[in-house]
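So the sequences go chain by chain: A and B. Note that this note's numbering has the first sequence beginning at 219, numbered continuously upward. Note that this note's numbering has the second sequence beginning at 105, numbered continuously upward. Glycine included, each C-beta is placed from N, C-alpha and C at the ideal position.
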Amino acid sequence: MAPAVREDVTDEVLMMRFQGGDRSSFAALVRKHKTPFYNFIVRQIRTPQVAEDLVQDVFVKIVQNAADFKHEARFTTWAYAIARNLCIDHLRKMSHRKHPSLDQPSRADDDGPTLGERTADLSPGAHVERAAIGGEMQTRIVHAVEQLPEEQREVFLLREVGHVPFKDIAEMTGVSENTVKSRMRYALERLQNALSEYEDYARALR
Amino acid sequence: MDCEKFDQNVIDALYDELDELTMASMKRHMETCSRCASAFSALRATREVAILPLEEPSDELESRILFAASAAQRTTPWHKKALRGLAWAGSHAMRPQLAMAAVFVLVIGSSLLFLRAKPGTTSLIPVRVTERGEPTPERDEGAEAAMEAPAAAASAAPEPLAQTVAAGDGSGSRAADTKDDQDANAEAEKGKNSAQVALDDARSTEGLQGCDAALSKYDDVGVRFAGTSQAAEAMWSAAACHKKRGDAERARELYGALAKRDEYKDKAEEALNELAPIQNNAAASAAPAATATVAAAKAAATSTSSQAPGGGARAGANAAPAAAPKAAAPAKPAPAPPSGEGYNTRVPGSTGKENASPQRRAVSSDSAL
């Protein structure tokens, strides 16, 4: 299967090939990045349907602005900047509509089991008990991340989901690299507090 | 490393973005500082545990994205498509090799432009000079050639004939030079008054301050109004000055040049012959047979010119038939100095008429002095 071979090819090369008119390279980029993009967006927007629409918008923007992509640039940094802007635009729009997103956290709490089901396949080899604890733990992590202050959450998601270097995050968000690292540390400390009761489980699992 | 430095680096250490040296010093710090050690281990534990689980989007998202993307591609404005093509071409074109090649082409091209400009300017210069009618070394050559022509024809040919002769045996450039010379002569005609003024000035200088001061002025007249009668007049005066100062070679040069002009031919030749003994004396002053040489030369001259008017000369030649061949050998190398070539080279080709007899020479020398 051709896509399997494509896995080794870097995002930048795929992007270059797409610039040259290769549509299968674009399909490979979509296959590889749709899930990280979706998670980066959905953890901020909190509405899965809207998040999927925004992921689609991200890829449409990538197609439309492919000419702006320079081959020296990092594809993920470039693409996450697009995704970040779309999120900011959407959140700004929502804030004008009586903050409907504020209702979402409660729903996320209700959706706990569903989320656990959806992420259960991340540890398919684990036995049932461990998967159950893991599922509960994962739900807790997701909730904790969504509760992070916007600035810290943004940095955490860009680093943990998008694997964007701190330097690039600093450039993207327009703050100093040290500020980005401070935000990252605060985010981790908040998560640590939120997950403290599960840490024993986590140690037990290892 | 202190705690403050530790806090600055702890996130980098956590995400493996730290160099080994700093990492090692951090570890050393943690061995002594329990606060930092516990902070780091807590953060590391959190990072290891708080791995955000990735939620999968719905299965139809991928096909939705691809459909929307191809739709966007189709509706992408033409200028964006052009930009994309440009970006693609640019990604290929803006490689170092091509950039270097472009720079080379630019450098070589611009230097060629400069190179091409030079011949154009140099080709313009002679035209400009001849329009002004200013004498140039090349033109002097041309003038000499034009003056030499009638002498070669041994007749009082007018100027146009001389020019046709010069143009006939010369190349195209030579003909052009002659034409330039003609133009220059016309210019000189216009400046006849100024030539006369300059000549008068030079003469008055000679009268008041002597030859040394006047020579440069005579030379100036000769160069500026080359070809005119004033120039010839100036040359004649200058030659006389040189002779007075004892500079026989310079004088001979000038007389040699004047001899080519019809109106000065006889006078100049007389003067040249007059100079001959001076030159011979100068050249063979060390030789003990100097007088013999002069006598032999005189004898040879009179013997060859059988139709010389002086009858006494023939008797002298007959009286010394043995002396002439004997002295002929030393006489030959004697008039050899290169500066005298104008005179010496002409002697063998000239007629007996040109080789004035001793009597006439004596008369002319009296008049000259």
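Per-residue contacts from residue i into chain B (C-beta, under 9 Å)
i	result
A:H251	Those within 9 Å of A:H251 in chain B number zero; the least Cβ separation is about 10 Å.
A:V260	E159, P161
A:I359	V153, A154, I155, L156, P157
A:V393	Under the 9 Å cutoff, chain B gives no residues; its nearest Cβ is about 14 Å from A:V393.
A:E378	R151, A154, I155, L156
A:V363	A154, L156
Proximal residues of chain B, C-beta to C-beta of residue i below 7 Å
i	result
A:F244	A173
A:L409	T150, A154
A:V278	A172, A173, A176
A:Q370	By Cβ distance, chain B contributes nothing, its closest Cβ being about 12 Å from A:Q370, past 7 Å.
A:V248	E166, I169, L170
Chain-ordered chain B contacts of residue i [CB-CB under 8 Å]
i	result
A:F293	Chain B residues near A:F293: none, gap ~14 Å exceeds 8 Å.
A:P254	L158
A:L413	T150, V153, A154
A:E354	Per Cβ cutoff of 8 Å: no residues; A:E354 is ~11 Å from chain B at best.
Cβ pair residue i, residue j closer than 8 Å
i	j	result
A:V373	A:I359	no
B:L379	B:K347	yes
B:A355	B:L362	no
B:G326	B:M339	yes
B:A191	A:Q237	yes
B:E166	A:K252	yes
B:S142	B:M105	no
A:R261	A:R371	yes
A:M390	B:I115	no
B:A175	A:Q282	no
A:P254	B:L170	no
B:E310	B:A299	no
A:E369	A:K385	no
B:L173	A:F244	The identity of residue 173 of chain B in the sequence shown is Ala, whereas the question assumes Leu. In this structure, A:F244 lies closer than 8 Å to B:A173 by Cβ.
B:L187	A:A246	no
Exposure of residue i, with buried meaning 16 or more beta-carbon neighbours within 10 Å
i	result
B:S162	exposed
B:D123	exposed
A:M239	According to the sequence displayed, residue 239 of chain A carries Gly and not Met. Exposed is the call here.
B:C107	exposed
A:E290	exposed
B:F208	exposed
B:T476	Here chain B covers residues 105 to 473 and nothing more, so residue 476 of chain B does not appear.
B:T136	exposed
A:E415	exposed
B:D316	exposed
B:V211	exposed
B:M204	exposed
A:E335	Confidence in A:E335 is poor, its pLDDT being 45 and thus under 50, which makes the residue's placement too unreliable to answer from.
B:G314	exposed
B:F110	buried
B:E121	exposed
A:T357	buried
A:G392	exposed
Proximal chain A residues relative to residue i, where beta-carbon distance stays under 8 Å
i	result
B:V114	R403
B:L165	K252, Y256, E270, V273, Q274
B:L125	Under the 8 Å cutoff, chain A gives no residues; its nearest Cβ is about 19 Å from B:L125.
is_contact[residue i, chain D] using C-beta, thresh 8 Å
i	result
B:E121	Among the chains of the structure shown, chain D does not appear; the protein chains present are A and B.
Proximity test, residue i beta-carbon vs the ligand ADP heavy atom, cut-off 7 Å
i	result
A:L247	You won't find the ligand ADP in this model; it holds no ligand whatsoever.
Where residue i meets chain A, residues with beta-carbon distance less than 9 Å
i	result
B:S214	Within chain A, no residue comes near B:S214; the closest Cβ sits about 30 Å away, beyond 9 Å.
B:S195	M234, Q237, G238, K288, H289
Assumed close pair residue i, residue j - CB separation to whole angstroms, cut-off 8 Å
i	j	result
A:V248	A:F277	6 Å
A:Y298	A:V273	Actually they are not in contact, since the Cβ atoms of A:Y298 and A:V273 sit about 12 Å apart, beyond 8 Å.
B:Y322	B:S341	5 Å
B:S195	A:M234	6 Å
A:I263	A:H308	6 Å
A:I300	A:K279	5 Å
Contact set between residue i and chain A, taken where Cβ atoms lie within less than 7 Å
i	result
B:A146	Q410
B:S162	E270
B:A191	Q237, A285
B:R168	Q274
B:L187	A285
Notebook entry, point to check: Given 8 Å as the limit, is there contact between the segment 150 to 158 of chain B and the segment 399 to 418 of chain A, that is, 3 or more CB pairs closer than that?
Noted result: yes
Check: Three or more beta-carbon pairs under 8 Å between the segment 326 to 343 of chain B and the segment 300 to 318 of chain B, yes or no?
Finding: yes
Check: Counting pairs of Cβ atoms below 8 Å between the segment 363 to 377 of chain A and the segment 130 to 148 of chain B, do you hit three or more?
Finding: no
Note to self: When you compare the segment 377 to 386 of chain A with the segment 278 to 295 of chain A, are there three or more beta-carbon pairs, one atom per stretch, that lie closer than 8 Å?
What the structure shows: yes
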